[in-house]
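Listed in order, the protein sequences are those of chains A and B. Just so we're aligned: 107 in my numbering is position 107 of the first sequence, and the numbers increase by one with no gaps anywhere. Just so we're aligned: 282 in my numbering is position 3 of the second sequence, and the numbers increase by one with no gaps anywhere.
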Amino acid sequence: MREKFIEFRNVSFRYGDEQPWVLDNVSFEIYKDEWVAIIGHNGSGKSTIAKLMNGLLYPEQGEIIINGMPVNDEHVWDVRKQVGMVFQNPDNQFVGTTVQDDVAFGMENRGIPREEMEKRITEVLRSVRMEDYLLTEPHRLSGGQKQRVAIASVLAVKPDVLILDEATAMLDPRGRKEIMRTVSDIQAKNEISLITITHDLQEVVMAERVIVMNNGSVWDEATPRDIFAKKDELRKIGLDVPFIAVLADELKQNDLLIENEPLNHDELLEELWTLHLKM
Amino acid sequence: MNNAIIIGQYVPGNSLVHRLDPRMKITIIFLFVIFVFFANNVVSYSILTAFAIITVFITKISLRFILKGLTPVWFLIIFTFILHLIVTKEGTVLVELLGFKVYSGALIQGFAISLRFFLLILITSLLTLTTTPIEITDAIEDMLHPLKKIKFPVHELALMMSISLRFIPTLLQETDKISKAQASRGVDFRTGPIKERIKAIVPLLVPLFVSAFKRAEELAMAMEARGYQGGEGRSKLRQLKIKKIDIFVLVFFLLVIAGLFITRNYS
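Take a look at the structure:
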């Protein structure tokens with residue numbers, strides 16, 4: 001049995017007494033070192049979940065347990081030490097005047113000694129392939145590069161969980177690819193739980209488990225493959241199904257025997273060229 | 280950015296002046312600004328001018344570049360000079376122009392005051408020319424440190440300065456974007472009477488302020504998420520260290536000042 005790291009117990013949340021519930025009786029668990037994707041359309045409550053995990057917001061009802069600690073005023077700073085977060089806007093989370101200062105910011109907050117900081121800065125910048133930009137100012141970096149610096153600065157404080165809250169939403173396709181590559185590298189090399197929050201189904205492919213949010217509650221929880229199989233229902237709750245999945249569907253309707261739900265180009269290709277072997 | 284004005288601009292380099300501890304630079308410039316007012320004869324002015332010119336020479340920034348960059352200031356300097364020519368009535372009459380008598384004392388006085396003014400501006404602009412804004416911020420934070428005892432928010436002030444510095448280019452880019460967006464919707468920023476042009480700034484400022492507030496809110500949240508709890512218990516990546524060369528430069532400067540005080544009594 002894997003170790004539970006984050007647990008939501010019947011969590012409900014709204015932004016004001018008169019406001020509608022943003023999250024309504026939500027419960028789920030996230031384990032150590034796993035990669036979970038949370039998807040949902042705009043306003044489904046997925047970003048609120050991220051903020052609740054970091055103690056930036058507190059639930060109105062229910063309980064959030066992180067590594068055995070309830071998220072409340074008493075534990076919030078310990079929780080933030082373990083839960084790192086990267087936000088959507090690359091500019092509005094860059095605190096330092098240079099890349100190196102920005103990576104140092106989180107470590108400075110924790111009072112990490114200077115020699116250790118310098119060591120970790122080179123280390124984490126290498127892991128996001130930004131080591132050549134140590135002294136570059138933020139306005140000389142692309143959005144994707146800024147987001148990689150943001151990831152590096154979170155990694156520098158060695159959290160147990162890394163949350164990417166729509167971290168690729170404001171990037172161009174190339175920046176998006178860079179981030180996804182960086183993230184999967186990190187997940188492979190480090191012992192860290194990864195939570196990617198997105199409205200883009202394309203990005204959940206690499207995750208081990210997907211939580212689909214709809215109107216403030218958990219709509220489904222399964223592997224990406226099982227989720228992709230429910231194309232029509234996904235479309236109904238306002239999510240865009242990736243092209244490959246649509247194509248596979250069309251092929252199936254034309255009586256081609258596609259057994260496994262393909263997640264990417266290569267898998268579909270595999271299905272197609274082995275097609276006649278099965279017949 | 281406008282290259283014609285160099286006040287506040289940083290010119291990258293690796294000269295002795297660039298490498299000096301920023302606190303030392305600020306101290307020396309502060310003392311220089313005071314002691315400029317003690318000079319009162321040809322020799323003492325020459326010493327200070329020589330010091331300033333040699334400093335410029337050491338920075339390896341071309342003197343012509345600096346002089347050209349001080350264009351807006353030249354106007355003030357010349358204005359001061361002319362004002363002194365008109366107002367001061369000492370010494371002998373040199374020439375009479377259009378009914379105005381120009382006295383020899385006025386010429387000397389005008390020249391001395393203009394030179395003083397020029398030296399002040401030259402030496403203070405050298406600070407920003409050779410020191411990155413962030414170094415200046417660090418230096419100010421360090422030098423104001425004793426004020427912490429009287430609960431002066433030194434760390435907050437320094438953080439405020441460094442965040443403003445970091446967001447200046449971002450907000451400039453944003454201003455550019457908004458002005459283009461508004462221009463494409465028919466706002467005219469360039470022509471028309473001044474009153475109209477001032478009015479045209481409103482649709483530029485409102486979106487800029489809205490977005491700045493939004494940025495502030497998101498930045499505050501990001502900082503909190505990264506564990507920022509104020510200045511207590513923080514360590515610092517950048518550290519200032521007084522080196523041998525700093526002490527050496529300070530001693531040299533004090534000798535220059537000593538020279539000034541010895542020569543000011545001649546006359």
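Beta carbons are placed, not taken as given, at the ideal position from N, Cα and C, and that holds for glycine.
- For residue 323 of chain B, the nearest beta carbon of chain A is not closer than 8 Å to its own beta carbon.
- Spanning the alpha carbons of residue 113 of chain A and residue 103 of chain A requires a straight line of approximately 14 Å.
- Residue 78 of chain A and residue 10 of chain A have their C-alpha atoms some 23 Å from each other.
- Across the set A:13, A:38, A:83, the C-alpha of A:13 shows the shortest separation from the C-alpha of residue 24 of chain A.
- Residue 428 of chain B has its alpha-carbon roughly 42 Å from the corresponding atom of residue 346 of chain B.
- Taking residue 138 of chain A as reference, the option from A:262, A:111, A:90 with the minimal CA-CA separation is A:90.
- 505, 506, 507, 508, 512, 513, 514, 515, 516, 517, 518: these are the residues of the stretch 505-527 of chain B whose beta carbon lies less than 8 Å from some beta carbon of chain A, given in chain order.
- In the structure shown, residue 28 of chain A falls within a strand segment according to DSSP collapsed to helix, strand and coil.
- Taken through DSSP and simplified to helix, strand or coil, residue 62 of chain A comes out as strand.
- Cβ-Cβ distances below 6 Å link residue 305 of chain B to 418 in the same chain, with the five nearest sequence neighbours on each side left out; the list follows chain order.
- With fewer than 16 other beta carbons inside 10 angstroms of its own, residue 273 of chain A counts as exposed.
- Between residue 126 of chain A and residue 182 of chain A, the C-beta gap is not smaller than 8 Å, which leaves the two residues out of contact.
- In the DSSP annotation of this structure, the continuous segment of the alpha helix (DSSP H) that includes residue 77 of chain A starts and ends at 76-82.
- With a threshold of 8 Å between beta carbons, residue 418 of chain B makes no contact with chain A.
- Neighbourhood of residue 89 of chain A in chain B, by CB distance below 7 Å: 497, in chain order.
- For residue 219 of chain A, no alpha helix (DSSP H) encloses it; the enclosing beta strand (DSSP E) starts and ends at 217-222.
- As DSSP reads the structure, residue 213 of chain A sits in a beta bridge with A:218.
- Listed as beta-bridge partners of residue 13 of chain A by DSSP are A:23.
- In the three-state scheme derived from DSSP, where H, G and I count as helix and E and B as strand, residue 386 of chain B is classed as helix.
- Under a criterion of Cβ atoms nearer than 7 Å, the residues of chain A adjacent to residue 452 of chain B are, in order, 139.
- Distances from the CA of residue 529 of chain B to each of B:437, B:299, B:292 were compared; the closest alpha carbon is that of B:299.
- Scanning its chain for C-beta atoms nearer than 7 Å, with the 5 sequence neighbours on each side dropped, one finds around residue 38 of chain A the residues 46, 49, 195, 197, 211, 213, in chain order.
- The beta-bridge partner set that DSSP reports for residue 240 of chain A consists of A:200.
- Burial check for residue 404 of chain B: the Cβ neighbour count within 10 Å reaches 16 or more, so the residue is buried.
- At the C-beta level, residue 136 of chain A and residue 98 of chain A come within 8 Å of one another.
- Fully enclosed alpha helix (DSSP H) runs of no fewer than 4 residues occupy 473-504 of the stretch 454-522 of chain B, in order along the chain.
- Boundaries around residue 372 of chain B are those of the beta strand (DSSP E), 372-376, since no alpha helix (DSSP H) includes it.
- A Cβ-Cβ separation of about 5 Å places residue 124 of chain A in contact with residue 156 of chain A under the 8 Å criterion.
- Around the beta carbon of residue 301 of chain B, a 10 Å sphere encloses 16 or more other beta carbons of the protein chains shown; the residue is thus reported as buried.
- Here residue 137 of chain A carries a coil assignment [DSSP, helix/strand/coil].
- Taking every protein chain shown into account, the CB of residue 189 of chain A has fewer than 16 other CB atoms within 10 angstroms, so this residue is exposed.
- Close CB contacts of residue 291 of chain B within its chain, under the 6 Å cut and outside five residues either way in sequence, are absent.
- Around residue 303 of chain B, the same chain offers 521, 525, 528, 529 as residues with beta carbons nearer than 8 Å, after the five sequence neighbours per side are excluded.
- If you draw a 10 Å sphere on the C-beta of residue 447 of chain B, you find fewer than 16 other C-beta atoms in it, and that means exposed.
- Around residue 105 of chain A, the beta-carbon contacts reaching into chain B at under 7 Å are 505.
- Taking 8 Å as the threshold, the shortest C-beta distance from residue 113 of chain A to chain B falls below it.
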